[in-house]
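Trainee: Have a look at this one.
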Amino acid sequence: MERRRKSWFAPKRYGYGSGLPVAWQGWAVLAVYLAVVLAAPFLLPVLLQILVIILATAALLLICARTTEGGWRWRSGG
Numbered sequence: 001m002e003r004r005r006k007s008w009f010a011p012k013r014y015g016y017g018s019g020l021p022v023a024w025q026g027w028a029v030l031a032v033y034l035a036v037v038l039a040a041p042f043l044l045p046v047l048l049q050i051l052v053i054i055l056a057t058a059a060l061l062l063i064c065a066r067t068t069e070g071g072w073r074w075r076s077g078g
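The sequence shown begins at 1 in the UniProt record's numbering and counts up by one.
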């Protein structure tokens, strides 16, 4: 028996990708991402800032894609 995962992000109504978080886990992921992106300029040298922000963004996109209800696909509002 497969256990169904609860979605962390809502799908966008129009376009491709995720909308806002709908579960506490989604809000936590978004908060950690924002903390990393906002803290990087104060704590790291420039090249390392860029690398950390790119990796954090890639991780956020991967998590959003895997935990969005219905997955990522083009939606035209219906």
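Backbone N, C-alpha and C fix where the C-beta goes; we use that ideal spot for every residue, glycine too.
Check whether the Cβ atoms of residue 31 and residue 8 lie closer than 7 Å to each other.
Mentor: No, these two residues do not count as a Cβ contact at 7 Å.
Trainee: Just grab the DSSP bridge partners of residue 68 for me.
Mentor: Per DSSP, 9.
Trainee: From 64, 77, 73, pick the residue whose C-alpha is nearest to that of residue 26; which is it?
Mentor: That would be 64, whose Cα lies nearest to the Cα of residue 26.
Trainee: Counting C-beta neighbours from all protein chains within 10 Å, is the total for residue 41 16 or more, i.e. buried, or is it exposed?
Mentor: It counts as exposed.
Trainee: What is the DSSP secondary structure of residue 16, counted as helix, strand or coil?
Mentor: In the structure shown, residue 16 sits in coil (DSSP, three-state: anything other than H, G, I, E or B).
Trainee: Count the other C-beta atoms from every protein chain shown that fall within 10 angstroms of the C-beta of residue 122, then say buried if there are 16 or more, exposed otherwise.
Mentor: Outside the shown range of the chain (1 to 78) lies residue 122, about which nothing can therefore be said.
Trainee: Taking the beta carbon of residue 57 as the centre, do at least 16 other beta carbons fall within 10 Å, making it buried, or is it exposed?
Mentor: Result: exposed.
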